[in-house]
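Novice: Starting off with a structure, shown below.
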Amino acid sequence: MVTRMNVPRLTFGKHERLRGSLRIREVATTGTGLSEAPFRLIAKVMDLPEATPLQVAFAVPKRHMPRAVDRNRMKRRMREAFRLIKPACATRLRGAGTQVAFLFLYQGRDAVDFATTSRKISRATDRWLEKHVAPGQ
RNA sequence: CCUGCGCACCGCUCCGUCGCUCCCCGCUGCAAGGUGGGGGGAGGAAAGUCCGGGCAGCAUAGGGCACCGUGCUUCCUAACGGGAAGGGGCGCCGCCGGGAACGGCGGCGCCACGGAAAGUGCCACAGAAAGGGAGGUUGCCUGCAGGCCGAAAGGCCCUAGGCUGAAGUUUUGGCAAGGCCCGCCUUCGCCAAGGCUUCGGCGGGUAAAAGUGAAAAGGUGGGCCCGCCUUCGCGCGGGAUAGCGCGCUUCGGCGUGUGAAAGUAAGAGCCCACCAGCCCGGGUGGCGACAUCCGGGGCUUGGUAAACCCCACGGGCUGAAAGACCAAAUAGGCUGGGGAUCCCGACUUGUCGGGGUGAAGGGCGGCCCGCCCGGUCCCAGCGGGUAGGUCGAUCGAUCCCGAUGGCGACAUCGGGACCAGAUAAAUGACGGGGACCCCGCAUUGGACGUGUUCCGCAGCGGGGAACAGAACCCGGCUUACAGGUGCGCAGGACCU
Numbered sequence: 002m003v004t005r006m007n008v009p010r011l012t013f014g015k016h017e018r019l020r021g022s023l024r025i026r027e028v029a030t031t032g033t034g035l036s037e038a039p040f041r042l043i044a045k046v047m048d049l050p051e052a053t054p055l056q057v058a059f060a061v062p063k064r065h066m067p068r069a070v071d072r073n074r075m076k077r078r079m080r081e082a083f084r085l086i087k088p089a090c091a092t093r094l095r096g097a098g099t100q101v102a103f104l105f106l107y108q109g110r111d112a113v114d115f116a117t118t119s120r121k122i123s124r125a126t127d128r129w130l131e132k133h134v135a136p137g138q
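Quick look at the structure:
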C-alpha cells in the first residue's frame, strides 16, 4: 500500500489513445516528424477532446508486414514501450501546459525485439519533445 | 521394431511483476470518471472468401426468353456445389476358367458419372489417309484367249485388266558370203516374224509382311470333300469338321443328339461361327440408380459436351460500408415575432393601414452592360442533414453429458452450461520454472539374436517449439501446419 501511494501506476487507458480517422489524418498530414531506425514519430501540438496531456496511436503498414500476426506483435511491443515512458513524458507536458498527439509508425520489414523497440521509442519521444516543447518550469 | 503413405484426434503448461478490454458488485462523484473486489477474453484452421443459409434493405400480378449454376440413385440437412449409404465405370495386382477374342471371383485406388444413335464444330504433331473414310509407298500377284465396226488411225463388246521399251538367248523363213558330194551344209554377217528369260515404264489387283499415331474403323477362329444343271449364279443336294445341347468322367477325355459357310484370276474388309459392344421387346429382383434371364435385330454407330448444343432441375438483386435510431457546431431552407428600410394610401404632418425586402432605391452614365454606395439584421421554433454516438452485435440450425432409433450421415428425448465482442481495433510485455522433441557428453540396467544390435531409468551442457489473429452469425469446402497420439495399409529387419 505504501509503494502504491508513492509510485504512480504505469497505466495506459483508452482515453490516452488517439482515435478517430479525422484526427489521425490531421496528425499524419500536418504534424512534424522524425525518424529513429525503423520507427518514425509524427506528432503535433493540438487540442484534444480528453483532459489528458497526450494521446498516441501506433501503425504498422500492411505492405511491409503482410501477416496480421506480425503487425499485431509489433504494435503491442511499441505500445508496451511507450507505456513505460509515458509518466515522465506526461509530467513534462503538464509542466509546459500543452496537449500533444503522437503517431508512431513502424517502417521495418522484420520484427525487432522489445529491448530495441523500447530504446528507440524512448529516444524518439525525447528528441521530439526537446525540439517542439519548451522545457517546463 | 524401423521407414513411408492414408484417415481420425490433440495443437504445451505453471508462477511472479507491470499492463489492456468487456461484464457484475461495493465505495466515491452532479457527471465524465476514479478506486477496491470478483468473473470472461482467439483458432483448428480465426486464413482463402469458393459454395450454402440466417438476418437486413430494395424490387416483385402471372408466365416466357436471356444469363448463371448444378448433373448416377436414395437418404441426411435450414440449405448447399457439403455429407452418408449404395449403383455403375475405369486402372493396377492376385487367383481361377477358355485354343483365342475374352469371362468370373477377390483386394486396393481413382471418377463433375445426364445425352455423342438430334444437329454443328474440332481431332495438334506424325502419317498416303483423322470420320460417310480409303488403297498411297515398299513388297507381292497380274497384264492370258477372243468377238464386232472401220481403208486406217482408232472405237465398241467381253474383262479385275485386255499395254509398252531395252538387252540376252533361241526357233523358223529370206538375203549375202563360202564350201562341196549340186541341193544340201556352214557362219562373230544382215533382215523379218515368233517363243523364252532378265530389267524398266504404264495399267489392274492388294491378303500375309513393313510405317505414323492416343486412335487407322471392334476382335478371334475358320471357309474342307463329293455330286447335279435348259437356268453356271452370292444356284441346288449330300457328307465331314468347327460350333452348340445333353449325359458320364480317373478332368486327359468319352458317348450321344444336332449341325455352318457363298466368293475369286489369286485373294479380301466377301461368307460362316463365336467373343465383345449396341438397339428393340418381355420376365424376375430392387423405393431407385441398376442387376439378371429370355427372345429378336444383324447394327459395329471412333473420341471430345471442363466446344457449341439438347434435356432435367435450381436461382429476383444487393450485402453489416446491410439497415434502424439519437444528434453538436457552421452554412443554407421553412414558419412566427421584432427591428431597419423602400413603395402606396389616408389624414390629425408623424402617426396609422397595406405591400415589398437576394429587391426597391441612390451614384458613375445619353442608353444597355458593368462597377460602386446602401442594405442583406436580431430572436425563437420546425424539418432535412454532417461530425460524433447508440443499436444491429453476440442465447445460437450453440456447447457438454446420457438414453433411444438408424448400416450410416443424422434425428428425437432428458439433464446441465453461458463460453471473446474489440472499433486506428483488447487478449500483451518482461523474467523464471516444468513437461516434450533434437544434438553432444559421459553413466548405468535389461533382452537374447552376443552385435559398430535393440529397448529403458536417472544426470550435465546446448538448441528447438509450427501454421497462424476473431471483425454480423452459422453449416461446409479448400489451403497452411513444428511436434505428438491412435487405427489401417505397404515395404524392410529379426525371432518363433
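Quick note on the numbering used here: the first sequence kicks off at 2 and runs consecutively.
Glycine residues also receive a C-beta, built at the ideal position from the N, C-alpha and C atoms.
Quantities reported herein were computed from a predicted structural model and do not represent experimental measurements.
Under 8 angstroms, do ALA38 and LYS121 count as touching if we go by C-beta distance?
Specialist: The Cβ atoms of ALA38 and LYS121 sit closer than 8 angstroms to each other.
Novice: GLY98 to LEU104, Cα distance in whole Å?
Specialist: Roughly 20 angstroms separates the two Cα atoms.
Novice: Tell me whether PHE13 sits in a helix, a strand or coil according to DSSP, three-state version.
Specialist: coil
Novice: Is GLY98 helix, strand or coil when you go by DSSP?
Specialist: coil
Novice: Does THR33 come out as helix, strand or coil in the three-state DSSP assignment?
Specialist: strand
Novice: Can you grab the Cα-Cα spacing for the pair LYS45 / GLY34, in whole Å?
Specialist: 9 angstroms
Novice: Could you tell me whether the segment 15 to 32 touches the segment 49 to 65, using the rule of 3 or more Cβ pairs below 8 angstroms?
Specialist: A contact exists between the segment 15 to 32 and the segment 49 to 65.
Novice: Could you check where the beta strand (DSSP E) with LEU209 kicks off and where it finishes?
Specialist: Outside the displayed span of the chain (2 to 138) sits residue 209, for which this structure offers no information.
Novice: Under a three-way DSSP split, which group does LEU85 fall into?
Specialist: helix
Novice: In whole angstroms, give me the CA-to-CA distance for VAL70 and ALA89.
Specialist: 31 angstroms
Novice: Can you give me the C-alpha to C-alpha distance between SER119 and ALA82, rounded to a whole angstrom?
Specialist: 5 angstroms
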